[in-house]
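Undergrad: In order, the protein sequences belong to chains A and B.
Throughout the first sequence, residue numbering follows the numbering used here, covering 1 to 510 in sequence.
Throughout the second sequence, residue numbering follows the numbering used here, covering 1001 to 1510 in sequence.
Take a look at the following structure, please.
There are 2 protein chains.
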Amino acid sequence: MQNISLAPDGTKYPLPTDAEAIEERKILKSITEEQRKKGRKIVAVQGLGFVGCVMATVVADAVDEKGEPIYYVHGHQRPSPRSFWKIPVINNGIPPVSSSDEEVPEIFHRCVVEKQNFRATWEDYVYELVDVVVVDIQLDATKPAFGEAEKGFCDLYAFRGGIRTLGQHIKPDCLILVETTVPPGTCEKVVKPIIEEEFTKRGIDITKTPPLIAHSYERVMPGAKYVASIRDFWRVFSGVNQKSRDLCREFLSNVLNVKKYPLTELDHTNASELSKVMENSYRATNIALTLEWARFAEQIGVDLYKVREAIRKREGTHDNLLRPSLGVGGYCLTKDPVLANWAMNALFGLEGTLDMAIRSVNINDTMPLHTIEIIKQVIENLKETQVTVLGVSYLENLGDTRHSPSKTLVEFLRKEFALVKVHDPYVEVWPEIDETVVLHDLGESLSGAQVVVFAVGHDEYRKLKPEDVVAMTGGKPLIVDCSNFLSDSIIAQYRKLGCEVRGVGKGHIK
Amino acid sequence: MQNISLAPDGTKYPLPTDAEAIEERKILKSITEEQRKKGRKIVAVQGLGFVGCVMATVVADAVDEKGEPIYYVHGHQRPSPRSFWKIPVINNGIPPVSSSDEEVPEIFHRCVVEKQNFRATWEDYVYELVDVVVVDIQLDATKPAFGEAEKGFCDLYAFRGGIRTLGQHIKPDCLILVETTVPPGTCEKVVKPIIEEEFTKRGIDITKTPPLIAHSYERVMPGAKYVASIRDFWRVFSGVNQKSRDLCREFLSNVLNVKKYPLTELDHTNASELSKVMENSYRATNIALTLEWARFAEQIGVDLYKVREAIRKREGTHDNLLRPSLGVGGYCLTKDPVLANWAMNALFGLEGTLDMAIRSVNINDTMPLHTIEIIKQVIENLKETQVTVLGVSYLENLGDTRHSPSKTLVEFLRKEFALVKVHDPYVEVWPEIDETVVLHDLGESLSGAQVVVFAVGHDEYRKLKPEDVVAMTGGKPLIVDCSNFLSDSIIAQYRKLGCEVRGVGKGHIK
């Protein structure tokens, strides 16, 4: 077992020893007592991932009418080689995530260094000390076969383990607030029984003090408003009983900007859990619908993006219409319909499937193959064809490669023996794909390219001048625009330079 | 052949004779000359249906800076027994459609009686006199099998006949503005060749004066803002060539409220035709998605309407989310995806289908069967069960029964030998279904009912008191709420009265 945790900056942190754990428990106890004296409530955030670490700062940053912090926050992260480094990094006041949002380093510095009411730890003992645990354990769906999301499932092993830890440590009146996106039914059918079992083992009478479990899902949007997307945005919540709902409402009202974004309370955790996965399924379906229209538009000389703008004028009824693209990436739209579909049978024992939602995931997961079809309309045999893919993250101007559709594109191009180079200014390493160097030099990336795929709309790519791109390739490459990144005039310039231009959803009257 | 046209009010109008036609042509000629002297342009509206008759008044109502009418409008309607009556009715200043919009009778009176710049005729000769023809011929999709929209097609016979009539009569520089929702490709592949053929027959050199054909679809919403939905709303347009686009822009700018709702110009009629059917396909898909979630919600005790409201807080990204219901009716969402799918193959010779759009139509068309499932969860055998359906129109507070989902509900209830009574305060006759009397007396409708289906959200139904409904049935009927028409407290009252209550998308925690 590796006993080192390697931070992204190369620093190596040794995993903590038993002696350090004893010391840490003393520190936790003393900090907590000190903070309680100041009248603060104590919160733990379980899991310092993408959501948890920022949520922890938002909780720590909350103040009362006098401007005094309401909570002291213990961030908890398991001491694994993959993640332990986050703890010393955070405790230096540095965010463990990189972001284009300037508020991220500010809020970490403010809470850790200035206010000193946020600190990270690996010790489970911390849960004995707190009034609220916010659960931000990551939970993914497993899709065992490409394009067959109906076979997808949710492995709750680690999540259940995390919940059991809570049951073994928390005070009976501690609120467990699940923020993780979970399969509907999870609070009632997974969390509650585990906590009840552990409470009972500990001699706690669950008929007198039933576990307090609430659910309120985040709607975090990575990017320039990362922190605000947690704090200043609409929230939905519920709880397994009235007291849970009341405590949850009180906590969220203290922490979030509920004046501008009033909370929505639902009757039951089943409802709030369903709400999250349904809203992302709605989005996924919305995108999936665009592919068939993109194909149609391409063939009849219609620019579907202009049609989309025409339709979206109808605000409130038609302006959610999304655009066709290379495909769908990220952590939500790719998995949430699967969580819901799996829960239907696995947690509720119901028959049937969420057919449109699952079908949409399949359409979206296989969408990058359409870009390959477009390339093959011009270059039938891709063997030894040099293809440069510009952009491997799943979102514009971000370095997040989770479930990026560029991965599918690259893999299937290689299946046809194309020679693929990839470029992304924001991505250092691409952990999801083997043996692929992400280049940062455009000249090197484009040199020799017979096909240039504009896969992601990073600003850097939108600004590229056609004559420069063509010069860097040293030929007359086929230009493929995956989501309307190139304007009509840019396309005209490429054509003037002798390049063929194609695009997803971009038909052109000849 | 019947030579009488029967108006809805019972008045019989004899169809016009040849002698009357000669006289009519003289009238048309003299009116037109007189109006030209006033500096007005002359417009014909072809087809005085739901859209055409009101569009004609909107055109007639348009004024220049001095407040003078810009156009004289000839409304044209074929002298069929089914529709001829509209002509004398309109020429008396009376709208041939009933509407809750007060502006409808006003605008008809203003244009026909006061301004005297709108008159209806049946004579094709009128097309020789005009500068613009607005085509509002009705065009439907035929779906030969229930739940198999993929087999649907569009019978263009009457539409082509109408266009041919224009080609035989119009001046070469007359603008043909197609407002009918048509399969994409229709202007280019159907209208243009017919006009070119007829022009050529008439000795017009189409290389010098190519036909002027534009497309701009309406987004009419029947109801309280019927006129405004034509005049004060976003419009998309295009034309088959530059001159058509220019003339169309000028015409629409004169007629519509383009200051508040600027026009959207697209590159080609293919694009504007696609835009219309895509926007309705988007809507249809959006509704279809709700069914599987409604089923899920019902089974896990979740009220999907509350979830929907929670999701719709996210304005601009999630607020288009529609609600589950009995099903989808009306003239647009039920046919437009079929027009598009058919056009793909029939007009463009392309392979493939618009799979999600067509699937959505099928889900929506068969959606009323889910309400029957809900009933059968309580009453397994429907034979001889008395079911009262409240509402047979396809929209709230309207009497329009076109493609109403209540029809499917009634037919499939009868298939199971249920005894069905139907009630609707707005519907006099229900032409789409055989041997069904639409009752207007609630007592008569509800008497003996073992099941009461709230199918449509007419205000009258929303106001009903549970004790009155129960009393009128004389029993303890099963109450079925098809789209959240009953509040939680109303439902509680029904339950207190001993009724079971079920609803589409309405799970209730027991």
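Glycine is no exception: its CB is placed at the ideal position from the N, C-alpha and C atoms.
Name the DSSP bridge partner or partners of residue 154 of chain A?
TA: The residue given as residue 154 of chain A occupies position 154 in the first sequence. Looking at the DSSP assignment, residue 154 of chain A forms a beta bridge with A:141.
Undergrad: Does the count of Cβ pairs from the region 224-234 of chain A and the region 198-212 of chain A closer than 8 Å reach three?
TA: no
Undergrad: DSSP has residue 388 of chain A in a bridge; who is on the other side?
TA: Counting from 1 along the first sequence, the entry for residue 388 of chain A is found at position 388. Paired residue(s): A:421, A:452.
Undergrad: Quick one: Cα of residue 1335 of chain B to Cα of residue 1367 of chain B, how far?
TA: Here residue 1335 of chain B refers to the residue found at position 335 when the second sequence is read from its first residue. Here residue 1367 of chain B refers to the residue found at position 367 when the second sequence is read from its first residue. Counting only the Cα atoms, residue 1367 of chain B lies some 16 Å from residue 1335 of chain B.
Undergrad: Evaluate residue 1262 of chain B with the Cβ neighbour count: other Cβ atoms within 10 Å of its Cβ, from every protein chain shown; 16 or more gives buried, anything less gives exposed.
TA: Looking up residue 1262 of chain B in the second sequence gives position 262. Residue 1262 of chain B comes out exposed.
Undergrad: Relative to the alpha-carbon of residue 1234 of chain B, which residue among B:1466, B:1295, B:1451, B:1260 has its alpha-carbon at the smallest distance?
TA: What you label residue 1234 of chain B is simply residue 234 of the second sequence in a count that begins at 1. Residue B:1260 is the option with its Cα nearest to residue 1234 of chain B.
Undergrad: For residue 1436 of chain B, which of helix, strand or coil comes out of DSSP?
TA: Numbered from 1 along the second sequence, position 436 holds the residue referred to as residue 1436 of chain B. In this structure, residue 1436 of chain B counts as coil in the three-state DSSP scheme.
Undergrad: Let me confirm a value: residue 492 of chain A is counted as buried when at least 16 other C-beta atoms fall within 10 Å, else exposed. Which label applies?
TA: By one-based count along the first sequence, residue 492 of chain A stands at place 492. Exposed, since its Cβ has fewer than 16 Cβ neighbours within 10 Å.
Undergrad: Report the neighbours of residue 1300 of chain B on chain A: residues whose CB is nearer than 7 Å to its CB, in chain order.
TA: For the purposes of this step, residue 1300 of chain B is identified with residue 300 of the second sequence, where counting begins at 1. Near residue 1300 of chain B (Cβ distances below 7 Å), the residues of chain A are 184, 185, 270, 348.
Undergrad: At least one CB of chain B closer than 8 Å to the CB of residue 307 of chain A: is that the case?
TA: Within the first sequence, residue 307 of chain A is the residue found at index 307, counting from 1. Yes, residue 307 of chain A lies at the interface with chain B (some Cβ there is under 8 Å from its Cβ).
Undergrad: Since residue 1316 of chain B meets chain A, which of its residues come closer than 9 Å, beta carbon to beta carbon?
TA: Translated into positions along the second sequence, residue 1316 of chain B becomes position 316. Per Cβ cutoff of 9 Å: 315, 316, 319, 320.
Undergrad: By a C-beta neighbour count over all protein chains shown, 10 Å radius and 16 as the cutoff for buried, is residue 1011 of chain B buried or exposed?
TA: Taking the first residue of the second sequence as 1, we reach residue 1011 of chain B at position 11. With fewer than 16 neighbouring CB atoms inside 10 Å of its own CB, residue 1011 of chain B falls in the exposed class.
Undergrad: Would you say residue 1352 of chain B lies against chain A (beta-carbon separation less than 8 Å)?
TA: The residue given as residue 1352 of chain B occupies position 352 in the second sequence. Answer yes: the Cβ-Cβ gap between residue 1352 of chain B and chain A drops below 8 Å somewhere.
Undergrad: Taking only beta-carbon atoms, is residue 356 of chain A less than 8 Å away from chain B?
TA: Against the first sequence, residue 356 of chain A aligns to sequence position 356. Chain B, which has a Cβ nearer than 8 Å to the Cβ of residue 356 of chain A, makes this yes.
Undergrad: Where residue 9 of chain A and residue 92 of chain A are concerned, what is the direct C-alpha to C-alpha distance, given to the nearest angstrom?
TA: The residue you call residue 9 of chain A lines up with position 9 of the first sequence. The residue you call residue 92 of chain A lines up with position 92 of the first sequence. Their backbone Cα atoms lie some 14 Å apart in a straight line.
Undergrad: Which first and last residues belong to the beta strand (DSSP E) in which residue 1005 of chain B is found?
TA: Here residue 1005 of chain B refers to the residue found at position 5 when the second sequence is read from its first residue. It spans 1004-1006 - the beta strand (DSSP E) in which residue 1005 of chain B sits, taken as one unbroken run.
Undergrad: Would you mind sorting residue 17 of chain A into buried or exposed? The rule is 16 or more other CB atoms within 10 Å of its CB.
TA: As a working note, residue 17 of chain A is residue 17 in the first sequence. So residue 17 of chain A ends up on the exposed side.
Undergrad: Measuring alpha carbon to alpha carbon, tell me which of B:1031, B:1023, B:1204, B:1104 ends up nearest residue 1061 of chain B.
TA: Position 61 of the second sequence holds residue 1061 of chain B. For residue 1061 of chain B, the nearest C-alpha among the options comes from B:1104.
Undergrad: Report yes if the C-beta distance between residue 473 of chain A and residue 446 of chain A is below 8 Å; otherwise report no.
TA: Counted from its first residue, the first sequence places residue 473 of chain A at position 473. Counted from its first residue, the first sequence places residue 446 of chain A at position 446. Cβ atoms of residue 473 of chain A and residue 446 of chain A: closer than 8 Å.
Undergrad: Confirm, please, whether the CB-CB distance from residue 1393 of chain B to residue 1469 of chain B is below 8 Å.
TA: Sequence index remark: in the second sequence, residue 1469 of chain B carries index 469 (1-based). Sequence index remark: in the second sequence, residue 1393 of chain B carries index 393 (1-based). No, they are not a contact pair.
Undergrad: Tell me, to the nearest whole angstrom, how far the beta carbon of residue 1371 of chain B is from that of residue 1504 of chain B; I am working on the premise that it is less than 8 Å.
TA: Looking up residue 1371 of chain B in the second sequence gives position 371. Looking up residue 1504 of chain B in the second sequence gives position 504. The beta carbons of residue 1371 of chain B and residue 1504 of chain B sit about 6 Å from each other, so the pair counts as a contact at 8 Å.
Undergrad: Quick one: what does DSSP say residue 1265 of chain B is sitting in, helix, strand or coil?
TA: As a first step, residue 1265 of chain B must be located in the second sequence, where it is residue number 265. Three-state DSSP puts residue 1265 of chain B in a strand.
Undergrad: Taking 8 Å as the cut-off, does the region 127-139 of chain A touch the region 176-183 of chain A (at least 3 CB pairs, one atom from each stretch)?
TA: By the criterion of at least three beta-carbon pairs nearer than 8 Å, the region 176-183 of chain A is in contact with the region 127-139 of chain A.
Undergrad: For residue 447 of chain A, decide whether its Cβ has a neighbour in chain B, counting only Cβ atoms nearer than 8 Å.
TA: Working through the first sequence from its first residue, we reach residue 447 of chain A at position 447. Chain B contact via Cβ: absent.
Undergrad: Starting from residue 414 of chain A and walking both ways along the beta strand (DSSP E), at which residues does that stretch end?
TA: Taking the first residue of the first sequence as 1, we reach residue 414 of chain A at position 414. Residue 414 of chain A -> not in any beta strand (DSSP E); alpha helix (DSSP H) instead, spanning 405-415.
Undergrad: Three-state secondary structure (DSSP) at residue 1251 of chain B?
TA: Against the second sequence, residue 1251 of chain B aligns to sequence position 251. Of the three classes helix, strand and coil, the one that applies to residue 1251 of chain B here is helix, per DSSP.
Undergrad: Could you give the distance in angstroms between the alpha-carbon of residue 1318 of chain B and the alpha-carbon of residue 1403 of chain B?
TA: Taking the second sequence and counting its residues from 1, one reaches residue 1318 of chain B at position 318. Taking the second sequence and counting its residues from 1, one reaches residue 1403 of chain B at position 403. In this structure, the straight-line span from the alpha carbon of residue 1318 of chain B to that of residue 1403 of chain B is close to 28 Å.
Undergrad: Give the DSSP-derived three-state secondary structure of residue 1069 of chain B in the structure shown.
TA: Numbered from 1 along the second sequence, position 69 holds the residue referred to as residue 1069 of chain B. The answer is strand: DSSP assigns residue 1069 of chain B an E or B state.
Undergrad: Assuming residue 1307 of chain B and residue 275 of chain A are in contact, meaning their beta carbons sit under 8 Å apart, how far apart are those beta carbons, in whole angstroms?
TA: Indexing the second sequence from 1 puts residue 1307 of chain B at position 307. Indexing the first sequence from 1 puts residue 275 of chain A at position 275. Sure, about 5 Å apart at Cβ, within 8 Å.
Undergrad: Taking 8 Å as the CB-CB cut-off, is residue 177 of chain A touching chain B?
TA: Locating residue 177 of chain A in the first sequence gives position 177, counting from the first residue. Judged by the 8 Å Cβ criterion, residue 177 of chain A is not in contact with chain B.
Undergrad: Who pairs with residue 322 of chain A in a beta bridge, going by DSSP?
TA: Your numbering for residue 322 of chain A matches position 322 in the first sequence. DSSP lists no partner for residue 322 of chain A.
Undergrad: Runs of 4 residues minimum, wholly inside the region 1204-1260 of chain B: which ones carry the alpha helix (DSSP H) assignment?
TA: Qualifying alpha helix (DSSP H) stretches, in chain order: 1226-1231, 1242-1255.
Undergrad: Residues of the region 254-287 of chain A in Cβ contact with chain B at a cutoff of 7 Å, in chain order, please.
TA: Of all residues in the region 254-287 of chain A, the ones placed with a Cβ closer than 7 Å to any Cβ belonging to chain B are 264, 266, 267, 268, 270, 271, 274, 275, 278, 279, 282, 285, in chain order.
Undergrad: Measuring straight from C-alpha to C-alpha, what distance separates residue 1171 of chain B and residue 1391 of chain B?
TA: Looking up residue 1171 of chain B in the second sequence gives position 171. Looking up residue 1391 of chain B in the second sequence gives position 391. Residue 1171 of chain B and residue 1391 of chain B: Cα-Cα distance of roughly 48 Å.
Undergrad: For residue 55 of chain A, go through chain B and note every residue whose CB falls closer than 8 Å to its CB, in chain order.
TA: As a position in the first sequence, residue 55 of chain A is number 55, starting the count at 1. Going along chain B, no residue has its Cβ under 8 Å from residue 55 of chain A, so there is no contact; the nearest lies around 19 Å.
Undergrad: Give the straight-line distance between the Cα atoms of residue 202 of chain A and residue 166 of chain A, rounded to the nearest whole angstrom.
TA: The residue given as residue 202 of chain A occupies position 202 in the first sequence. The residue given as residue 166 of chain A occupies position 166 in the first sequence. For residue 202 of chain A and residue 166 of chain A, the distance between alpha carbons rounds to 12 Å.
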